[in-house]
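When we follow my numbering, the leftmost residue of the sequence shown carries the number 2, and every step to the right adds one.
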Amino acid sequence: MLGALIKFIPRLPIFFCTLVKLAWAKKHHRGSTGWFLQQAARRYPKRIFLKTHEGNFTYEEFNSWVNQLAHALAAYGIKEGDCVALLFNNSAAQLAWAFAINKLGAIAGMLNSKQRQETLAHSIKVLQPKLLISQSAYAEEVATLNLDLQCALDSRMEWNQLSTAAQACFSTDLTPLIKAEHQHNPRQTETITLAQHCFYVLTSGTTGLPKAAAMTHFRWYKAGIGFGHMALRLKQQDTLYNTLPLYHNTALSIALSAVVMSGSSMALSERFSASGFWQDIKDFQASVFVYVGEMCRYLLNQPPHASDNQHGIRAIIGNGIRAEIWDELQQRFGIRHICELYGASEGNVGFVNAFNLKRTVGFSPMTYAVVAFDFEREIPIQDDLGYLQPVAKGDVGLLLTKVSSKAPFDGYTNNPQANAEKLLVDVFKPGDCWFNTGDLVRHQGFRHIAFVDRTGETFRWKSENVATTEVEAQIARVTDIIEAVAYGVKVPHAEGKAGMVSLVLAQGREFNPQEFFQTIRKHLPEYALPRFIRLRQHHELTTTFKVMKTQLKKDSFSLAKVTDPLYVLVDLKHGYQPLSTQLYEAIHQGLIQLR
Numbered sequence: 002m003l004g005a006l007i008k009f010i011p012r013l014p015i016f017f018c019t020l021v022k023l024a025w026a027k028k029h030h031r032g033s034t035g036w037f038l039q040q041a042a043r044r045y046p047k048r049i050f051l052k053t054h055e056g057n058f059t060y061e062e063f064n065s066w067v068n069q070l071a072h073a074l075a076a077y078g079i080k081e082g083d084c085v086a087l088l089f090n091n092s093a094a095q096l097a098w099a100f101a102i103n104k105l106g107a108i109a110g111m112l113n114s115k116q117r118q119e120t121l122a123h124s125i126k127v128l129q130p131k132l133l134i135s136q137s138a139y140a141e142e143v144a145t146l147n148l149d150l151q152c153a154l155d156s157r158m159e160w161n162q163l164s165t166a167a168q169a170c171f172s173t174d175l176t177p178l179i180k181a182e183h184q185h186n187p188r189q190t191e192t193i194t195l196a197q198h199c200f201y202v203l204t205s206g207t208t209g210l211p212k213a214a215a216m217t218h219f220r221w222y223k224a225g226i227g228f229g230h231m232a233l234r235l236k237q238q239d240t241l242y243n244t245l246p247l248y249h250n251t252a253l254s255i256a257l258s259a260v261v262m263s264g265s266s267m268a269l270s271e272r273f274s275a276s277g278f279w280q281d282i283k284d285f286q287a288s289v290f291v292y293v294g295e296m297c298r299y300l301l302n303q304p305p306h307a308s309d310n311q312h313g314i315r316a317i318i319g320n321g322i323r324a325e326i327w328d329e330l331q332q333r334f335g336i337r338h339i340c341e342l343y344g345a346s347e348g349n350v351g352f353v354n355a356f357n358l359k360r361t362v363g364f365s366p367m368t369y370a371v372v373a374f375d376f377e378r379e380i381p382i383q384d385d386l387g388y389l390q391p392v393a394k395g396d397v398g399l400l401l402t403k404v405s406s407k408a409p410f411d412g413y414t415n416n417p418q419a420n421a422e423k424l425l426v427d428v429f430k431p432g433d434c435w436f437n438t439g440d441l442v443r444h445q446g447f448r449h450i451a452f453v454d455r456t457g458e459t460f461r462w463k464s465e466n467v468a469t470t471e472v473e474a475q476i477a478r479v480t481d482i483i484e485a486v487a488y489g490v491k492v493p494h495a496e497g498k499a500g501m502v503s504l505v506l507a508q509g510r511e512f513n514p515q516e517f518f519q520t521i522r523k524h525l526p527e528y529a530l531p532r533f534i535r536l537r538q539h540h541e542l543t544t545t546f547k548v549m550k551t552q553l554k555k556d557s558f559s560l561a562k563v564t565d566p567l568y569v570l571v572d573l574k575h576g577y578q579p580l581s582t583q584l585y586e587a588i589h590q591g592l593i594q595l596r
């Protein structure tokens, strides 16, 4: 840590300047995504803002196009406070509509284009939009939904890039409203304050139906300053490459805000491709890219190539890189700075690895606490007065962040119950209020933390706490396993939950249960050894490459629900064996006790 601080000394002026900008921002101040875009267009109109496979846009061109769309929406009747839902794949059009909506003080509801049928209908109902705009590819999908909404849903609207940014083509009645001469900034944009909402972002739905997390211009601005200026040090010559979906905050409210607030460029790809990733980086001349952890693992799974480190990437920013691949990622691809970060769509604080340390989500200048946690009952531990207790340096606890005027809790839209469940009061003194992140982290000292696990993911077995991330990390050492998902399952006649892992093997490989057992027992304590194994062809993923664990947990090791091969660890001397009907019934009858 000391060495990193010494190396950081030349950056201290920028660091303190950034802190001043963050402290200056007040919720009542003028500012919005659209306002910051037009300020950038005024300052450097001919600088490239957006690079796509179809063509580039300068700040001036893009802002003019956004203004045309904003005036069309205003003529249609969209006003401040309205929600307009967007159903798009990554595209320049999606960004243009989002900025146009925000320029009117309205809120862009970012629908997940991977959702279908009931889940998509649920998300639209949660947003309660006045208008839905989508690519024509989704017209049939939207038309089949049974929606009971008091709003105008139009799924036929589609933008097609022509010779200039100002030209657009729609198959709806909005076409006459889009005027070539309406390229001036809307006057409504001048009245929007940082406190107002800019986006509704749907949670991934890994545990139940999605909820809409509200993002304010205030948080968007702070993300751009903190991540763009302080962490990445973006300059006008930088290009940030984004292949993550724009309906998630890592792309929308970290990558995009960092680019606009620094006056740099964004290169936008429609979707992630592990095989074409580095060619895109070279074609766009990118110097930075945004990631999620699983994306980095897919890149490492690609066959090594002599040109793996022959690119212009100097830094990357995102979240979810596991400790065990951190060094390999840096060494193989020659990445000097991993700006790992921590944040939540509905949360009120962010951490970032600004000092370029290893295996940490970094530090936060905001007020937070890591408190003692009861893993058995899955609740924070209270003292005799009912207050919570901070953990010591090096210990794991529950991360809480203080709710204040500088760190407000924006929460979920149209879901007061979910909002109330996220807040804790009288935590350290009467009347205080803290946001419960639901995440277990390690207190590293120097205002740094490391992510450990989600509450509900860490489970107890044999009176010991087992972190699923640690189990997955150790199993990742095993040759021929390309994906491991760990979780706890209830076992009849036993206390706590037994560990279970769902494995995906490399193509053409066969599972050797004894070899697997002998390997992992060298790296995991006895209590953390999975008692059940499930072999799968693939795992269902969210759009940010997170495995959907909910169904895996529901399936458990039930022979009635699972048709995949199952193995059980009954005897530590003999290792794993196939879960037969006889063994299954013996476990349920209590004739066999898992040890």
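All residues carry an ideal CB built from backbone N, CA and C; glycine is no exception.
Residue i classed as buried or exposed, judged by whether at least 16 other C-beta atoms fall within 10 angstroms
{"i": "HIS575", "result": "exposed"}
{"i": "THR469", "result": "buried"}
{"i": "TRP66", "result": "buried"}
{"i": "ASP454", "result": "buried"}
{"i": "PRO431", "result": "exposed"}
{"i": "PHE447", "result": "exposed"}
{"i": "VAL93", "result": "The residue you asked about is not Val; residue 93 is Ala in the sequence shown. Buried."}
{"i": "GLU81", "result": "exposed"}
{"i": "ASP239", "result": "buried"}
{"i": "PRO246", "result": "buried"}
{"i": "GLN594", "result": "exposed"}
{"i": "ALA138", "result": "exposed"}
{"i": "LEU386", "result": "exposed"}
{"i": "VAL362", "result": "buried"}
{"i": "HIS338", "result": "buried"}
{"i": "GLY294", "result": "buried"}
{"i": "TRP25", "result": "exposed"}
Anticipated Cβ contact below 8 Å, residue i with residue j, distance rounded
{"i": "VAL486", "j": "LEU553", "result": "7 Å"}
{"i": "HIS198", "j": "ALA215", "result": "5 Å"}
{"i": "LEU269", "j": "LEU88", "result": "Actually they do not touch by this definition, with Cβ atoms about 17 Å apart."}
{"i": "CYS340", "j": "ILE318", "result": "4 Å"}
{"i": "LEU132", "j": "VAL85", "result": "5 Å"}
{"i": "ILE193", "j": "HIS218", "result": "7 Å"}
{"i": "VAL467", "j": "GLY500", "result": "6 Å"}
{"i": "VAL261", "j": "GLY225", "result": "6 Å"}
Three-state secondary structure assigned by DSSP to residue i
{"i": "THR59", "result": "strand"}
{"i": "GLN286", "result": "coil"}
{"i": "PHE452", "result": "strand"}
{"i": "ILE134", "result": "strand"}
{"i": "ALA499", "result": "strand"}
{"i": "LYS212", "result": "coil"}
{"i": "ASN103", "result": "helix"}
{"i": "PRO417", "result": "helix"}
{"i": "TYR45", "result": "coil"}
{"i": "PHE517", "result": "helix"}
{"i": "GLN383", "result": "strand"}
{"i": "GLY32", "result": "coil"}
{"i": "VAL441", "result": "According to the sequence provided, residue 441 is Leu. The question's Val does not apply to it. Reduced to three states, the DSSP call for LEU441 is strand."}
{"i": "LEU553", "result": "helix"}
{"i": "GLN578", "result": "strand"}
Rounded C-alpha distance that separates residue i from residue j
{"i": "TRP435", "j": "LYS212", "result": "20 Å"}
{"i": "GLY591", "j": "VAL569", "result": "15 Å"}
{"i": "GLY398", "j": "PHE290", "result": "31 Å"}
{"i": "GLU191", "j": "ASN250", "result": "25 Å"}
{"i": "ASP83", "j": "HIS230", "result": "32 Å"}
{"i": "GLY412", "j": "ALA109", "result": "16 Å"}
{"i": "PHE285", "j": "LEU300", "result": "18 Å"}
{"i": "ASN357", "j": "TYR488", "result": "31 Å"}
{"i": "HIS30", "j": "TRP221", "result": "14 Å"}
{"i": "PRO514", "j": "MET111", "result": "44 Å"}
{"i": "PHE558", "j": "VAL490", "result": "8 Å"}
{"i": "LEU441", "j": "ASP433", "result": "21 Å"}
{"i": "VAL563", "j": "ILE134", "result": "40 Å"}
{"i": "GLN311", "j": "LEU424", "result": "47 Å"}
Closer than 8 Å to chain B by CB, residue i
{"i": "ARG478", "result": "No chain B is part of this structure, which consists of one protein chain only."}
Touching by the beta-carbon criterion (3+ pairs, under 8 Å), the region 344-351 and the region 233-243: A contact is defined here as three or more CB-CB pairs under 8 Å, and the region 344-351 fails this definition with respect to the region 233-243.
Segment contact, 8 Å Cβ cut-off, at least three pairs: the region 54-61 with the region 101-109: Between the region 54-61 and the region 101-109, the count of C-beta pairs closer than 8 Å stays below three; the two stretches do not touch.
The region 377-389 / the region 406-424 touching (three or more Cβ pairs under 8 Å): Under the Cβ criterion (8 Å, minimum of three pairs), the region 377-389 does not count as touching the region 406-424.
The region 477-485 in contact with the region 268-288 per 3-pair CB rule at 8 Å: In the pairwise beta carbon analysis, the region 477-485 is classified as not touching the region 268-288: fewer than three pairs are separated by under 8 Å.
Stretch-stretch touch, CB-based, cutoff 8 Å, three pairs: the region 365-372 with the region 455-467: Pairwise C-beta distances place the region 365-372 out of contact with the region 455-467, as fewer than three of them are shorter than 8 Å.
Segment contact, 8 Å Cβ cut-off, at least three pairs: the region 529-543 with the region 495-505: Cβ pair count under 8 Å is three or more, so yes.
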